[in-house]
Amino acid sequence: MRHTRWRPQSTSPVVIDRSSCARAPLDTSRHRIARTAPLPSRRYIREMAVMIREARAGEFDEVAAVLQAAYEEHMPSADAPLSDRERAGWAGYGADIIDVRSRLDHTELIVAEEDGRVLGAVTFYPPHSGVHYPTEVDHQDFPPEWAAFRLLGVHPDARGRGLGRKLTEECLRRAAEHGAPVVGLHTLSRMETAGKMYVRMGWVRAPEWDIHPLPNLRVEAYRLDL
C-alpha cells in the first residue's frame, strides 16, 4: 500500500520555542486539578502570535485543565446508562488524560501558548519510547522505530484557529529530527473533527493498530510516512 508522505506547511503566524525546559518530579498523588481562568475572547486572541514549545514545570496543572476541557464533550455524562466495566473504563481514561506528569520521563509535552496562557497541548513520543496507555487497555504497540503522539487537545474557547494542526506539525517536525520513518496516533472514532483534520494532512487509517478498550468503542489508528 502506498502511503502519503508529509511535507511541512506554514499557514499563520507561529513561534517555535525549541529551548529545553525543566521537568518537575513525578507526583502521582495529584489527581484533582484547578480550573483555568477564563480565556481571552476569540476576537482578542486572534490578534496575538502563538508560541509552540515544551511545557514548563509550573504549567502542568494548567495543561491538565486544558486537556480536561478539550475532552469533556467526548466523555459520557454522569447519568449515562453504562455498565460497571464501561464506567470504570471511562473513569480510567479521564484520569489518564489529566495525569500529564506520569508521561514526562519518556515523552515531550508540547503546548500552544499565547499571551502567557496555555491553549492546547499534545504528548509526543520519540522513536523507541513506547506509547503508554492505561493498563486496562488491550492494544497492539506501534513498531518501535515509529514516533507517535497522543492526547492532543485544544481548549474549546481557542478552537477554529488551526492550533491542533500546529501542534501536530510540531510533532511531525520532531519525529523527522529523530529520524522516524513513520508517525502513528490513535483517536476516538467519535472525534470526527480530529479525524478529518488528520486526513486533510495526509494521514491514512491503520486499522491493524486499532484499539477496542470497551464494547462499542473503537480507538482508530492513523499513520503518516515521513
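Residue 2 is where the sequence shown starts when you use the numbering used here, and the numbers rise one by one after that.
A virtual CB, placed ideally from N, CA and C, is assigned to each residue, including glycine.
What you are looking at is a predicted structure, and each value in this text was computed from that prediction instead of being measured.
With respect to the 9 Å criterion, L173 and I111 are not classified as neighbours on the basis of their beta carbons.
Burial check for R118: the Cβ neighbour count within 10 Å reaches 16 or more, so the residue is buried. Cα atoms of G196 and V183: separation of roughly 18 Å, rounded to the nearest angstrom. Listed in chain order, the non-local C-beta contacts of I98 below 7 Å within the same chain comprise L68, Q69, Y72, L152, local neighbours out to five positions each way being set aside.
Buried is the label assigned to E115, since at least 16 other Cβ atoms lie within 10 Å of its Cβ. CA-to-CA, the gap between A122 and V64 works out to about 7 Å.
For S190, same chain residues with a beta-carbon under 6 Å away, outside a window of 5 residues either side, are R219, E221 in chain order. According to DSSP, residue pairing for F125 in a beta bridge involves E109, F150. Membership of G93 in any beta strand (DSSP E) is not indicated; the residue belongs instead to the alpha helix (DSSP H) covering 85 to 99. Secondary structure note for R201: its alpha helix (DSSP H) is the uninterrupted segment 193 to 201. Nearest in C-alpha terms to S84, of all of Y223, L227, P216, is P216. Taking A176 as the centre and dropping the five residues before and after it, the same chain places the C-beta of A148, V184, L227 closer than 7 Å to its C-beta, in chain order. When DSSP states are grouped into helix, strand and coil, A81 belongs to the coil group. Rounded to whole angstroms, the Cβ separation of P128 and P145 is 7 Å, and the two are in contact under 8 Å. For A177, the uninterrupted alpha helix (DSSP H) run begins and ends at 164 to 178, by DSSP. DSSP, read as helix, strand or coil, puts R57 in coil. Straight through space, the alpha carbons of R206 and P214 are spaced by roughly 18 Å. Linking V155 to R166 through their CA atoms gives a straight-line distance of about 10 Å. Residue environment: T108 is assigned as buried (16 or more neighbouring CB atoms within 10 Å of its CB, all protein chains considered).
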